[in-house]
Amino acid sequence: MRKILAVLGLIIGLYLISACGLSDDTVAKVGKQTITVDDYKFVLNRRFPGKAIAKIDSAQRYSILNYMIDKYLQATQAIDMGLDTTRLFLSELADYKARLIGNKYFEKVIVDVLVPEEEIREAFEKRRDEVKARHILIQYKGARNSKVKRSKEEAFKLAEKILREAKSGKTSFNYLAEKYSDDPSAKKNKGDLGYFTWGQMVDEFQKAAFSMEPGQISEPVETPYGFHIIKVEGRRKNPFFDENNYQWQKEDIKRNRYFAHQDTALKMWKAKKKELKQVYEATLFKEKIDSVARLASKKQQEGRYKPKSYSMAEKRIVLAKWKNGQLLLDDVFLMYGGRRFSALQRRITRPEKFEQIVDQILLAKLIENEASKIGLFDDVQVKTNLKDFKIQKLSSLAYSKEVKAKSEPTEEEIKAYYEQHADEFVKPAEIELWEISLKDEKTANKVLKLAQKGYDFEKLAGKYSEDKYYKKKKGYIGFKTKNRRGEVSKEAFKLGTNKIGGPVKYRNYYVVFKTGKIHPETIRS
Numbered sequence: 001m002r003k004i005l006a007v008l009g010l011i012i013g014l015y016l017i018s019a020c021g022l023s024d025d026t027v028a029k030v031g032k033q034t035i036t037v038d039d040y041k042f043v044l045n046r047r048f049p050g051k052a053i054a055k056i057d058s059a060q061r062y063s064i065l066n067y068m069i070d071k072y073l074q075a076t077q078a079i080d081m082g083l084d085t086t087r088l089f090l091s092e093l094a095d096y097k098a099r100l101i102g103n104k105y106f107e108k109v110i111v112d113v114l115v116p117e118e119e120i121r122e123a124f125e126k127r128r129d130e131v132k133a134r135h136i137l138i139q140y141k142g143a144r145n146s147k148v149k150r151s152k153e154e155a156f157k158l159a160e161k162i163l164r165e166a167k168s169g170k171t172s173f174n175y176l177a178e179k180y181s182d183d184p185s186a187k188k189n190k191g192d193l194g195y196f197t198w199g200q201m202v203d204e205f206q207k208a209a210f211s212m213e214p215g216q217i218s219e220p221v222e223t224p225y226g227f228h229i230i231k232v233e234g235r236r237k238n239p240f241f242d243e244n245n246y247q248w249q250k251e252d253i254k255r256n257r258y259f260a261h262q263d264t265a266l267k268m269w270k271a272k273k274k275e276l277k278q279v280y281e282a283t284l285f286k287e288k289i290d291s292v293a294r295l296a297s298k299k300q301q302e303g304r305y306k307p308k309s310y311s312m313a314e315k316r317i318v319l320a321k322w323k324n325g326q327l328l329l330d331d332v333f334l335m336y337g338g339r340r341f342s343a344l345q346r347r348i349t350r351p352e353k354f355e356q357i358v359d360q361i362l363l364a365k366l367i368e369n370e371a372s373k374i375g376l377f378d379d380v381q382v383k384t385n386l387k388d389f390k391i392q393k394l395s396s397l398a399y400s401k402e403v404k405a406k407s408e409p410t411e412e413e414i415k416a417y418y419e420q421h422a423d424e425f426v427k428p429a430e431i432e433l434w435e436i437s438l439k440d441e442k443t444a445n446k447v448l449k450l451a452q453k454g455y456d457f458e459k460l461a462g463k464y465s466e467d468k469y470y471k472k473k474k475g476y477i478g479f480k481t482k483n484r485r486g487e488v489s490k491e492a493f494k495l496g497t498n499k500i501g502g503p504v505k506y507r508n509y510y511v512v513f514k515t516g517k518i519h520p521e522t523i524r525s
């Protein structure tokens with residue numbers, strides 16, 4: 001047991017944790033849940049991305065473990081309350097799992113082909129050394145994060161001029177960086193980048209820096225940010241390099257290397273998606289998708305938005321199928337539950353948008369099948385990610401339920417508050433309004449006379465109103481309270497029902513208005 005606890009330097013008490021009988025890969029046990037070394041490393045790497053674990057302060061590591069224990073305790077409470085079987089949790093888990101497996105599959109069939117293991121290993125080995133350098137950045141219009149107006153040619157000429165000054169030895173590199181560099185931090189740090197390892201800088205920059213000896217100054221090096229003049233001030237062995245960190249750092253290295261192949265990757269992915277659909281004989285049922293869009297539109301017009309407003313038969317409408325599988329409308333509801341449901345609401349009534357959603361979920365199902373075949377569900381990072389998501393989500397649900405339980409008033413408290421604050425539950429009177437908004441007062445008076453003579457107010461609004469939004473609505477504003485439309489609604493209440501009034505100055509217009517019915521003041525129960 002000395003293996004992990006000794007490394008962490010932790011003594012943990014006052015928690016529901018068993019420190020006895022822990023396996024070699026277990027850091028702590030919280031009830032029936034275990035925190036493994038992989039779980040712990042995962043959270044450390046998320047909290048301190050790109051930082052070697054040995055470089056993380058022991059107090060911070062202790063704090064992270066305490067944080068994890070709290071989360072595991074809350075997750076255990078959530079399971080005891082049955083929150084792990086709720087539609088909300090299962091929906092968000094299904095969505096996260098699909099995205100996680102999709103990303104891992106993409107990495108396996110695309111990224112791993114473009115960035116082979118040998119290339120990653122080579123980049124990792126380069127992290128054995130560190131370089132200390134300063135730089136002067138000269139940007140041009142169009143360079144990444146650039147705010148300057150100079151052209152690329154002007155930037156290069158300026159960089160060459162600064163280089164000559166730097167190499168002459170008459171002016172210090174620090175001074176030149178402070179004076180010329182477009183790096184916002186240069187005014188304070190004089191271009192100092194400190195020590196860095198391979199992979200922390202963009203490719204062109206690090207290739208130049210690691211090829212130089214201390215004291216050397218580079219020719220202008222072009223990167224997406226502009227032209228850099230680099231001065232190497234030191235080299236040393238990376239004191240935090242650890243061969244055991246390869247498995248965790250390789251993902252960062254792979255991601256950085258992938259960016260150089262993005263265009264090729266997108267072409268390969270497009271071909272792979274087409275191949276998957278052919279292999280699985282996948283089919284979208286466009287007529288069913290269109291019928292669901294019409295059904296959803298009708299329900300939304302009736303104010304029924306949620307999945308519970310759909311019958312079991314409607315939920316079982318088949319939107320797509322593939323070998324040994326099919327996609328139901330209820331599967332779509334499951335994938336788009338929780339926070340994503342509003343996105344589905346906006347798209348489900350539009351056939352072309354809803355078809356895109358169905359196609360995306362179909363592809364996710366095909367990828368899950370392929371991922372299972374090649375063992376991605378057994379991948380340590382996939383398992384660790386999924387476990388972490390479950391713990392975080394369940395702990396959040398438990399916390400929300402606990403807070404709600406503490407803050408939710410009793411029936412007696414609600415009634416007492418209602419009786420003591422009756423004025424807060426008064427719904428003010430509202431009057432129905434039509435408006436014609438004009439920028440010229442003379443024209444407004446002319447329109448007023450026409451309306452008073454009995455001309456159709458809605459036709460007058462369609463012809464004369466300069467407020468484009470309400471012009472389309474034939475001037476109809478709806479029911480408004482006394483203070484909702486400024487002087488217009490105040491004057492409307494003075495005139496009463498079915499009257500013509502104005503012109504009244506409101507915002508940038510002279511408004512001629514017509515009143516309709518009045519909804520009297522009411523008290524909400």
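Heads up: the sequence shown at position 305 corresponds to 305 in full-length UniProt numbering, and the numbers run straight through without jumps. The C-beta atom is built at its ideal place from N, Cα and C for all residues, glycine as well.
Quick check on residue i: does DSSP put it in helix, strand or coil?
| i | result |
| --- | --- |
| HIS519 | strand |
| ASP379 | coil |
| PHE479 | strand |
| GLU281 | coil |
| TRP198 | coil |
| TYR175 | helix |
| GLY496 | coil |
| ILE374 | coil |
| PHE240 | coil |
| SER437 | strand |
| ARG507 | coil |
| ILE12 | Only weak support exists for where ILE12 lies, its pLDDT of 38 falling under 50; the value from the coordinates is given anyway. Note: ILE12 maps to coil in three-state DSSP. |
| GLN216 | coil |
| ILE17 | Because the pLDDT of ILE17 is 40, which lies under 50, any placement of that residue in the model is unreliable, and the number read from its coordinates should be weighed accordingly. DSSP places ILE17 in strand when its eight states are reduced to three. |
| GLY502 | strand |
| LYS427 | strand |
| LYS514 | strand |
| GLU466 | coil |
| ASP331 | helix |
| LYS365 | helix |
| VAL148 | coil |
| ASP192 | strand |
| LYS157 | helix |
Taking the alpha helix (DSSP H) that residue i falls in, what are its first and last residues?
| i | result |
| --- | --- |
| ASP129 | From DSSP, ASP129 is part of no alpha helix (DSSP H) but of the beta strand (DSSP E) over 129 to 138. |
| LYS237 | Element bounds for LYS237: not the alpha helix (DSSP H) but the beta strand (DSSP E), 226 to 237. |
| GLN33 | Unbroken run through GLN33 is the beta strand (DSSP E), 33 to 36; no alpha helix (DSSP H). |
| GLU107 | Element bounds for GLU107: n/a, residue is neither H nor E. |
| ALA75 | 58 to 80 |
| ALA54 | Careful: ALA54 lies outside any alpha helix (DSSP H) and carries neither H nor E. |
| ALA28 | First-last for ALA28: 26 to 30, but that is the beta strand (DSSP E), not the alpha helix (DSSP H). |
Does residue i pass the burial test, meaning 16 or more other C-beta atoms within 10 Å, or should it be called exposed?
| i | result |
| --- | --- |
| ASP39 | buried |
| LEU366 | buried |
| HIS135 | buried |
| ALA293 | buried |
| ILE414 | exposed |
| VAL512 | buried |
| GLU107 | buried |
| ASN66 | exposed |
| THR264 | exposed |
| PRO520 | exposed |
| VAL131 | buried |
| ILE69 | buried |
| SER151 | exposed |
| PRO220 | buried |
| GLN33 | buried |
| ASP25 | exposed |
Just reading off the beta strand (DSSP E) that residue i is part of, what are its end residues?
| i | result |
| --- | --- |
| GLU119 | Per DSSP, GLU119 belongs to no beta strand (DSSP E); it is in the alpha helix (DSSP H), 117 to 125. |
| LYS207 | Looking at the DSSP string, LYS207 is not in any beta strand (DSSP E); the run it does join, the alpha helix (DSSP H), is 203 to 210. |
Taking 6 Å as the line, does the beta carbon of residue i fall inside it for any heavy atom of the ligand MG?
| i | result |
| --- | --- |
| ILE120 | Among the components modelled here there is no ligand, and therefore nothing to report on the ligand MG. |
Can you find at least 3 beta carbon pairs, one from the stretch 222 to 231 and one from the stretch 126 to 142, that sit closer than 8 Å?
-> Touching, yes, given that three or more Cβ pairs across the two stretches are closer than 8 Å.
Any 3 or more C-beta pairs closer than 8 Å across the stretch 375 to 386 and the stretch 318 to 331 | By the C-beta criterion, the stretch 375 to 386 is judged not to be in contact with the stretch 318 to 331, since fewer than 3 inter-stretch pairs fall below 8 Å.
Should the stretch 484 to 503 be regarded as contacting the stretch 426 to 438, the criterion being three or more beta carbon pairs within less than 8 Å?
-> yes
Three CB pairs or more closer than 8 Å across the stretch 177 to 187 and the stretch 116 to 125 | no
When the Cβ atoms of the stretch 452 to 462 are set against those of the stretch 471 to 488, are three or more pairs found closer than 8 Å?
-> Contact between the stretch 452 to 462 and the stretch 471 to 488 is present, because at least three Cβ pairs lie under 8 Å.
Report yes or no: do the stretch 384 to 403 and the stretch 88 to 107 share at least 3 C-beta pairs separated by less than 8 Å?
-> Yes, they touch.
Three-pair Cβ contact test at 8 Å for the stretch 262 to 281 versus the stretch 336 to 345 | no
Identify every run of the beta strand (DSSP E) within the stretch 288 to 324, keeping only runs that are complete inside it and at least 3 residues long; order them along the chain.
-> Taken in chain order, the complete beta strand (DSSP E) segments of 3 or more residues contained in the stretch 288 to 324 are 318 to 322.
What are the complete alpha helix (DSSP H) segments, minimum 4 residues, inside the stretch 391 to 423?
-> 411 to 420
Is the number of C-beta pairs between the stretch 165 to 181 and the stretch 204 to 216 that are closer than 8 Å three or more?
-> no
Check whether the stretch 298 to 309 touches the stretch 42 to 62, counting contact only when three or more Cβ pairs, one atom from each stretch, lie closer than 8 Å.
-> The stretch 42 to 62 and the stretch 298 to 309 do not touch, with fewer than three beta-carbon pairs separated by less than 8 Å.
Would you check if the stretch 436 to 450 and the stretch 484 to 492 touch, i.e. whether three or more CB-CB distances between them fall below 8 Å?
-> no
Are three or more beta carbon pairs between the stretch 148 to 167 and the stretch 111 to 118 nearer than 8 Å?
-> no
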